[in-house]
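As given, the protein sequences belong to chains A and D, one line each in that order.
All the letters of the first sequence, read from the start, carry residue numbers 109 to 222 under this note's numbering.
All the letters of the second sequence, read from the start, carry residue numbers 3 to 111 under this note's numbering.
All residues carry an ideal CB built from backbone N, CA and C; glycine is no exception.
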Amino acid sequence: ETGVTQTPRHLVMGMTNKKSLKCEQHLGHNAMYWYKQSAKKPLELMFVYSLEERVENNSVPSRFSPECPNSSHLFLHLHTLQPEDSALYLCASSQSGGAGGEQFFGPGTRLTVL
Amino acid sequence: TQLLEQSPQFLSIQEGENLTVYCNSSSVFSSLQWYRQEPGEGPVLLVTVVTGGEVKKLKRLTFQFGDARKDSSLHITAAQPGDTGLYLCAGAPGNQFYFGTGTSLTVIP
């Protein structure tokens, strides 16, 4: 595997379910990100991890819970989501956590909340 | 209001035509990036501009950063069907990148 991979690619869940999104980067980067992409809205930065520490949390509801066990893996744990949480969730990585560097994105997980 | 406004939101042109898309803001950016996102994929970086007035070329794509570092444009010459995609600009007024809403480009063969 190369670059940034995300699993699953598609996920349908009910409002009472608990699921997790997984991201893995094979680039040796030190920073990882979760973004939410909804129709007609800009990409919204959700969380930033740098060297496995969370450095950014953009007022994301607590029903989204990130986990970064090491610099190559990032998870997004989901529970009691709402239909408006349906979106494409993108993971990205970069060499460092500061702005200006290139971010490498995964293909995303298309999430549908029923 | 969005930090970065992109226009037009949608653009459909014939193969071979030229086009320009814009990314505007009232904020000053230390750097600005352009990404292209194809259906079913994540965005891929095309270019980063950091100096006011800077012009960068990538084959048929020409990127310009405004003199005041508040806006940018992307010009495509002789568009090809392979240029189809969502073009996103991203600017960093500080230590975090903010993305625009994007321009969805369709090039018709």
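Proximal chain A residues relative to residue i, where beta-carbon distance stays under 7 Å
{"i": "D:Pro45", "result": "Phe213"}
{"i": "D:Gly42", "result": "Pro215"}
Under 9 Å by beta carbon: chain D residues contacting residue i
{"i": "A:Leu153", "result": "Gln98, Phe99, Tyr100, Phe101"}
{"i": "A:Glu210", "result": "Gln35, Leu47, Thr50"}
Pairwise C-alpha distance: residue j and residue i
{"i": "A:Cys131", "j": "A:Gly111", "result": "11 Å"}
{"i": "D:Glu56", "j": "A:Phe172", "result": "40 Å"}
{"i": "D:Ile110", "j": "D:Gln82", "result": "8 Å"}
{"i": "A:Lys148", "j": "D:Thr103", "result": "6 Å"}
Where the beta strand (DSSP E) through residue i begins and ends
{"i": "A:Thr217", "result": "217-221"}
{"i": "D:Leu76", "result": "73-78"}
{"i": "A:Phe183", "result": "181-187"}
{"i": "A:Ser173", "result": "172-178"}
{"i": "D:Gly93", "result": "87-94"}
{"i": "A:Asn165", "result": "161-165"}
{"i": "A:Phe155", "result": "152-158"}
Proximity winner among the options, relative to residue i (alpha-carbon distances)
{"i": "D:Pro10", "options": "D:Gln16, D:Gln66, D:Leu21", "result": "D:Leu21"}
{"i": "A:Gln114", "options": "A:Ser158, A:His134, A:Gly122", "result": "A:His134"}
{"i": "A:Lys126", "options": "A:Leu198, A:Glu210, A:Thr188, A:Ser158", "result": "A:Thr188"}
Contact test: residue i Cβ vs the ligand NAP heavy atom, cutoff 7 Å
{"i": "A:Lys144", "result": "Ligands in the displayed structure: none, and consequently the ligand NAP is not present."}
Proximal chain D residues relative to residue i, where beta-carbon distance stays under 7 Å
{"i": "A:Leu198", "result": "Gly44"}
Residue i: contacting residues in chain D (beta-carbon distance under 8 Å)
{"i": "A:Lys149", "result": "Thr103"}
Practice prompt. For the region 154-178 of chain A, enumerate the residues whose C-beta is nearer than 9 Å to any C-beta of chain D, in chain order.
Written response: Val156, Glu164, Asn166
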